[in-house]
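To keep things clear, I will list the structure first and then write my remarks on it.
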């Protein structure tokens with residue numbers, strides 16, 4: 011499709027009475043190869059292409075989307091969006107879109123070797139080597155290895171004069187392993203991804219990655235289930251990121267705040283965490299997902315949501331910034347062209363402190379070292395702040411040293427209590443992302459990243475999973 | 100829209116044969132949808148979208164590959180050349196014997212509601228606004244000082260599914276869908292609590308929508324002032340929604356023949372073995388009127404049928420698609436489910452039905468039997484339960500502590516852990532008489548079990 015159509019379409023929308031109009035054009039390619047116990051279960055490439063329109067008419071928003079890309083179909087979509095805006099007026103909250111300066115830019119994320127130019131046999135070789143490294147470990151009964159690559163090309167144009175073109179490439183490798191030892195079965199999922207090209211896979215020790223995961227799940231199968239109770243916990247980099255994103259980050263999203271669904275509503279300027287806690291949302295941090303502009307064409311830079319324990323801002327779009335009185339932070343995002351704007355995090359992480367990770371363990375006489383590798387994720391009730399997470403195989407800490415491996419670690423609590431109980435923050439910042447998943451909200455998945463340093467929290471409730 | 104899919108399929112099929120593919124499967128879906136988002140009881144956005152999404156899955160001998168497209172501006176030859184290069188690079192699967200053949204239609208049920216097709220944006224907005232007002236009114240009637248819908252969505256869609264293979268066999272059906280989700284928050288005496296209303300059906304039933312909205316409003320006030328209880332072993336009643344939540348994450352995936360064949364299911368080698376209480380039957384039923392999973396053919400064109408999966412607690416069969424059935428030299432059970440148009444199918448339930456044979460109780464009877472226990476009406480994190488070993492875990496967000504048949508207080512923040520095979524096996528105390536359709540394809544009763552571990 012010629013990009014000239016987009017600017018013509020903006021003019022058409024204005025002529026038809028839209029006070030504001032923006033268009034998101036998108037082409038996404040996703041390549042997925044799945045090796046299931048040594049067999050190519052799937053070698054799939056999917057391509058999504060289409061265009062979404064948002065109009066503001068008489069202070070009401072209307073959206074429409076199509077993957078028919080001739081100018082007549084695009085005009086038809088704009089007419090539909092205008093009609094929807096008019097019919098929704100009766101039940102809608104009135105909307106304004108913040109006017110900011112115009113941005114015009116073109117960005118392509120860096121890669122050295124284009125994965126689409128790599129011979130497929132090389133990809134399969136990597137996957138088979140990874141698979142074999144897992145199956146060589148005694149006790150592994152099932153092994154699924156996946157390669158994923160996504161190239162997401164987005165064009166944003168608006169009646170504000172914005173024209174942003176960005177192409178982001180994300181690549182990764184994952185394993186899903188099941189071990190069986192004396193009739194006890196356990197699973198472990200792990201992945202490594204990066205905004206990069208094939209050089210990321212080439213430079214990765216995937217055989218070691220596979221073998222270590224296999225050894226870990228076999229060892230976990232033999233490990234006891236953690237005894238439920240209150241513990242002092244040391245969270246590793248992955249676990250900190252996962253918890254911050256899920257349990258805290260969502261509550262800073264302005265659309266959740268204004269819906270009345272956030273425990274952080276009306277708390278800007280309030281101390282809500284230990285002064286050791288500084289939380290950042292950054293679209294350009296190393297290791298995370300690269301998001302230079304959001305889907306409203308606003309630059310996504312570093313947003314400090316919590317500084318030394320004090321809540322500084324929510325994450326905003328052009329709509330919520332004007333309603334809630336903040337600055338746009340570049341967090342307006344859509345999964346695909348057809349979706350409405352939501353406020354989404356980009357890369358959420360805790361700023362590093364000054365403890366060495368090993369010092370934190372040594373200083374923690376009794377407790378548990380909670381690991382993110384193999385974690386299944388988590389869920390939070392943002393309006394109450396209640397969370398629950400399942401960690402990967404973790405270690406008891408005894409006399410300041412790592413002791414026995416335990417499994418079935420499930421964390422539960424309230425995020426604000428938890429952040430207030432942070433009493434040590436490491437100096438080792440690690441942020442990661444994933445090409446295999448992302449964050450789900452209102453039927454939309456967004457690529458995100460998260461991380462942080464090692465962090466110690468006093469008193470978290472741990473439950474042990476139920477096993478026969 | 101369906102003509103576009105027919106034409107695409109026909110072009111791909113004729114060119115695929117010329118280009119030397121030994122097998123080909125085309126799977127396409129079209130949809131037209133009105134999607135409304137709600138924030139703080141007001142409409143946040145309305146989206147009207149139309150899309151066509153299709154996949155071409157090809158094979159040369161025992162090698163397969165696939166391409167999925169949401170793009171109508173394509174060059175069929177270029178796509179096929181790309182598909183062939185993917186297939187050639189792939190590796191042989193010795194167990195692959197070709198894509199599904201012998202298409203057919205099995206059981207039929209109502210899946211198309213004309214009302215959904217005819218409705219316009221204004222009427223859809225009226226319906227969801229009515230549901231919001233109903234939930235607020237219900238909460239106020241039950242004592243709330245203030246109530247509003249924090250977030251919600253309402254979706255009405257119509258669409259078609261078309262499947263064809265290289266032999267020219269084809270199947271097509273059209274269906275409708277209606278989803279509603281409301282999260283309702285209530286405040287009373289400085290405390291607050293929330294609950295939700297969920298409706299998923301192939302039919303637009305305003306009565307059912309309002310009933311759910313009414314329940315959501317009532318429950319949004321029911322758990323106010325909830326707090327933790329002491330750790331220990333309790334008897335537990337899961338309402339049908341929570342039964343469905345645990346079953347869909349810890350139990351139902353284990354019946355997939357692929358999970359069994361690839362050693363990811365604890366049910367391997369357990370056919371004709373007692374796996375659950377003798378009072379439990381589980382059925383895969385693709386012919387329940389208006390249920391989301393109802394269909395007359397599965398996602399690879401095979402006729403569907405009703406079948407007993409567990410009878411009196413004894414495992415009778417796994418769920419098979421064409422591929423897993425051929426691996427065991429048997430017929431598919433019509434349970435091929437596709438995650439995306441270009442993915443190969445994996446076996447899964449159409450509609451999951453769990454019924455009790457004995458220990459049948461009404462919900463009130465279960466409560467009166469509780470000496471010390473918890474009724475669970477809300478959970479977070481249940482989806483992290485583990486189908487590989489049946490372990491269940493979640494945090495209770497909405498619970499009621501019951502002592503000697505009387506509700507004593509609302510409970511939240513406790514962890515509930517256990518194992519689904521124990522809960523539905525040796526620990527089962529009661530099974531609800533009423534089987535309810537919740538969360539799309541699940542048709543389950545409340546269950547009552549002992550020795551639930553609460554942390």
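Chains as they are written, first to last, in this note's numbering: chain L, 11 to 478; chain X, 100 to 554. Every residue, glycine too, gets a C-beta built ideally from N, C-alpha and C. Note that the structure is a prediction, hence the values are computed from the model and not measured.
Original post:
Sorted by chain position, which residues of the same chain lie with C-beta nearer than 7 Å to residue 137 of chain L's C-beta, five sequence neighbours on each side aside?
Top reply: Position 127 of the first chain holds residue 137 of chain L. Cβ within range, chain order: 43, 45, 155, 157.
Original post:
Going by DSSP, what residues sit across from residue 493 of chain X in a beta bridge?
Top reply: Residue 493 of chain X sits at position 394 when you count from the first residue of the second chain. Bridge partners of residue 493 of chain X: X:515.
Subject >> Alpha carbon of residue 363 of chain L to alpha carbon of residue 78 of chain L, nearest angstrom >> reply: Here the question's residue 363 of chain L lines up with position 353 in the first chain. Here the question's residue 78 of chain L lines up with position 68 in the first chain. Pairing residue 363 of chain L with residue 78 of chain L, the inter-Cα distance amounts to about 52 Å.
Original post:
If we count the other Cβ atoms within 10 Å of its Cβ and call it buried at 16 or more, is residue 338 of chain L buried or exposed?
Top reply: For the purposes of this step, residue 338 of chain L is taken as residue 328 along the first chain, with counting starting at 1. Classification for residue 338 of chain L: buried.
Original post:
What's the C-alpha gap between residue 440 of chain X and residue 396 of chain X?
Top reply: Taking the first residue of the second chain as position 1, residue 440 of chain X is located at position 341. Taking the first residue of the second chain as position 1, residue 396 of chain X is located at position 297. Taking the straight line joining both Cα atoms gives about 15 Å.
Original post:
Helix, strand or coil for residue 161 of chain L per DSSP?
Top reply: The count along the first chain starts at 1 and reaches residue 161 of chain L at position 151. Looking at residue 161 of chain L - three-state DSSP - the assignment turns out to be strand.
Original post:
For the segment 248-271 of chain L, which residues have a beta carbon sitting closer than 8 Å to at least one beta carbon of chain X?
Top reply: Against chain X - using a Cβ distance shorter than 8 Å - the residues of the segment 248-271 of chain L are 265, 266, 268, 269, 270, 271.
Original post:
Distance, Cα to Cα, residue 406 of chain X vs residue 372 of chain L?
Top reply: Taking the first residue of the second chain as position 1, residue 406 of chain X is located at position 307. Taking the first residue of the first chain as position 1, residue 372 of chain L is located at position 362. When rounded, the separation of the alpha-carbon atoms in residue 406 of chain X and residue 372 of chain L is 58 Å.
Original post:
In chain X, what lies closer than 8 Å to residue 134 of chain L by C-beta?
Top reply: What you label residue 134 of chain L is simply residue 124 of the first chain in a count that begins at 1. Neighbours of residue 134 of chain L in chain X, taken as residues whose beta carbon is under 8 Å from its own, are 188, 189, 190 in chain order.
Original post:
Can you tell me where the beta strand (DSSP E) with residue 126 of chain X in it begins and where it stops?
Top reply: Reading the second chain from its first residue, position 27 is the one you call residue 126 of chain X. Its beta strand (DSSP E) spans residues 122-138.
**OP:** For residue 454 of chain L, verify whether its CB is less than 7 Å away from any heavy atom of the ligand MN.
**Re:** This structure does not include the ligand MN; it has no bound ligands of any sort.
Original post:
What are the partner residues of residue 438 of chain X, as DSSP defines its beta bridges?
Top reply: Your numbering for residue 438 of chain X matches position 339 in the second chain. Bridge partners of residue 438 of chain X: none, in fact.
Subject >> Minimum Cβ-Cβ distance from residue 525 of chain L to chain X less than 8 Å >> reply: In this structure chain L extends from 11 to 478, so residue 525 of chain L is not present and cannot be described.
Original post:
Apart from the five residues on each side of it in sequence, which residues of its chain come closer than 6 Å, Cβ to Cβ, to residue 259 of chain X?
Top reply: As a working note, residue 259 of chain X is residue 160 in the second chain. Excluding positions up to five away in sequence, the list reads 101, 129, 273.
Original post:
Which value, in whole angstroms, describes the spacing of the CA atoms of residue 507 of chain X and residue 428 of chain X?
Top reply: Locating residue 507 of chain X in the second chain gives position 408, where the first residue counts as 1. Locating residue 428 of chain X in the second chain gives position 329, where the first residue counts as 1. Distance between the alpha carbons of residue 507 of chain X and residue 428 of chain X: 57 Å.
Subject >> Where residue 422 of chain X sits in the DSSP three-state scheme >> reply: Counting from one through the second chain, the residue named residue 422 of chain X turns up at place 323. Correct three-state label for residue 422 of chain X: helix.
Subject >> Three-pair Cβ contact test at 8 Å for the segment 516-535 of chain X versus the segment 448-458 of chain X >> reply: Two segments are said to touch when three or more pairs of C-beta atoms, one from each, lie closer than 8 Å; by this definition the segment 516-535 of chain X touches the segment 448-458 of chain X.
Original post:
Should the segment 18-34 of chain L be called in touch with the segment 160-169 of chain L, which here means at least 3 C-beta pairs below 8 Å?
Top reply: A contact is defined here as three or more CB-CB pairs under 8 Å, and the segment 18-34 of chain L meets this definition with respect to the segment 160-169 of chain L.
**OP:** Output the boundary residues of the alpha helix (DSSP H) element that contains residue 427 of chain L.
**Re:** Your numbering for residue 427 of chain L matches position 417 in the first chain. Where residue 427 of chain L is concerned, the enclosing alpha helix (DSSP H) stretches over 425-430.
Original post:
Considering only C-alpha positions, which residue in the set X:192, X:161, X:195, X:155 is nearest to residue 176 of chain X?
Top reply: Translated into positions along the second chain, residue 176 of chain X becomes position 77. Closest by alpha carbon: X:155.
Original post:
Whose Cβ in chain X lies nearer than 9 Å to the Cβ of residue 196 of chain L?
Top reply: Stepping through the first chain from its first residue, residue 196 of chain L is reached at position 186. Per Cβ cutoff of 9 Å: 485, 487, 488.
Original post:
Since residue 277 of chain X meets chain L, which of its residues come closer than 8 Å, beta carbon to beta carbon?
Top reply: As a working note, residue 277 of chain X is residue 178 in the second chain. Residues of chain L whose Cβ lies closer than 8 Å to the Cβ of residue 277 of chain X do not exist; the shortest such Cβ separation is about 15 Å.
**OP:** For residue 369 of chain X, collect the residues of the same chain with a Cβ closer than 6 Å to its Cβ; drop the 5 residues on either side in sequence, then sort them by chain order.
**Re:** The count along the second chain starts at 1 and reaches residue 369 of chain X at position 270. For residue 369 of chain X, where only same-chain residues beyond five positions count, the Cβ hits under 6 Å are 414.
**OP:** Consider the Cβ of residue 168 of chain X: report whether some Cβ of chain L lies at a distance smaller than 8 Å.
**Re:** Within the second chain, the letter at position 69 stands for residue 168 of chain X. Using a CB distance cut-off of 8 Å, residue 168 of chain X counts as an interface residue toward chain L.
Original post:
DSSP state of residue 280 of chain X, grouped into three classes?
Top reply: By 1-based counting over the second chain, the position of residue 280 of chain X is 181. Under the three-state reduction of DSSP output, residue 280 of chain X falls in the strand class.
**OP:** Provide the residue(s) that pair with residue 8 of chain L in DSSP beta bridges, ordered along the chain.
**Re:** Within the shown structure, residues of chain L are numbered from 11 to 478, placing residue 8 of chain L beyond reach of any answer.
Original post:
I think residue 214 of chain L touches residue 382 of chain L, with their Cβ atoms under 8 Å apart; what is that distance to the nearest whole Å?
Top reply: Along the first chain, one-based indexing puts residue 214 of chain L at 204. Along the first chain, one-based indexing puts residue 382 of chain L at 372. Contact doesn't hold; Cβ gap of about 18 Å is too wide.
Original post:
Nearest chain L C-beta to residue 476 of chain X closer than 8 Å, yes or no?
Top reply: Residue mapping note: residue 476 of chain X aligns to position 377 of the second chain, counting from 1. For residue 476 of chain X, the nearest beta carbon of chain L is not closer than 8 Å to its own beta carbon.
Original post:
Tell me which same chain residues have a C-beta within less than 7 Å of the C-beta of residue 549 of chain X, skipping the five on either side of it?
Top reply: As a first step, residue 549 of chain X must be located in the second chain, where it is residue number 450. In the same chain as residue 549 of chain X, and ignoring 5 residues on each side of it, the C-beta atoms closer than 7 Å to its own belong to 334, 526, 528, in chain order.
Subject >> DSSP bridge partner residues for residue 16 of chain L (one or two, in chain order) >> reply: For the purposes of this step, residue 16 of chain L is taken as residue 6 along the first chain, with counting starting at 1. Residue pairing by DSSP places residue 16 of chain L in no beta bridge whatsoever.
Subject >> Of the listed residues X:123, X:138, X:149, X:514, nearest to residue 331 of chain X (C-alpha basis) >> reply: Translated into positions along the second chain, residue 331 of chain X becomes position 232. When each option's Cα is compared against that of residue 331 of chain X, the closest is X:514.
**OP:** Could you tell me the distance, in whole angstroms, from the CA atom of residue 176 of chain L to the CA atom of residue 348 of chain L?
**Re:** What you label residue 176 of chain L is simply residue 166 of the first chain in a count that begins at 1. What you label residue 348 of chain L is simply residue 338 of the first chain in a count that begins at 1. Between the alpha carbons of residue 176 of chain L and residue 348 of chain L lies a gap of roughly 18 Å.
Original post:
Fully enclosed by the segment 286-356 of chain L, which beta strand (DSSP E) runs are 3 residues long or longer?
Top reply: Secondary structure in the segment 286-356 of chain L: the beta strand (DSSP E) runs of 3 residues or longer, each lying completely within the stretch, are 289-291, 313-317 in chain order.
**OP:** Please check if any C-beta of chain X sits within less than 8 Å of the C-beta of residue 348 of chain L.
**Re:** If you number the first chain from 1, residue 348 of chain L lands on position 338. Output row for residue 348 of chain L: interface = yes.
**OP:** Please confirm if residue 161 of chain L has its CB atom under 8 Å from at least one CB of chain X.
**Re:** Position 151 of the first chain, counted from the first residue, corresponds to residue 161 of chain L. Not flagged as an interface residue toward chain X: residue 161 of chain L, since no C-beta distance is shorter than 8 Å.
Original post:
Taking Cβ positions only, does residue 324 of chain X come closer than 8 Å to chain L?
Top reply: As a working mapping, residue 324 of chain X is identified with position 225 in the second chain. Chain L contact via Cβ: absent.
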